[in-house]
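What follows is a single structure, written as structure tokens, with notes after it.
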Amino acid sequence: MLTFDPNERITINQALNHEYLADGQIRFHEEICTQCTWKNNQRIYCQYLEPSHPNPINPKWEQDISRYTMYNLRDNLYNYVVTRQPFCGRHIGLEDVGLNPSFMES
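To convert, count from 1 in the sequence shown and add 185; that's this note's numbering.
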């Protein structure tokens, strides 16, 4: 499903519809999605479970980073990770996702 060459990758819509992601998608919308709500003890799901952005990311950035050495890329990625703001104001760990342990073993 994943490949290093961006020209050979599947599209985001193909990836989102892949069976490998089905378990995670269901768990996300049942447990942590902030757009899905509860009403009368029934889960009301957001209108578009996996919306596509009208302006997808330009892959030019991948061509730009190909000029970096492995060490420069590693350092830049590390600096980005440690200085970025938490997602939605809080840290989301594996325990929040509610992964099925038997799924992780397979």
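The beta-carbon is built from N, C-alpha and C at its ideal position, and this holds for glycine as well.
{"Item": "Interface flag, Ala200 vs chain B, CB-CB below 8 Å", "Value": "Among the chains in the structure shown there is no chain B, since it carries only a single protein chain."}
{"Item": "DSSP bridge partner residues for Thr222 (one or two, in chain order)", "Value": "Ile229"}
{"Item": "Contact under 8 Å by Cβ, Pro244 with Pro191", "Value": "yes"}
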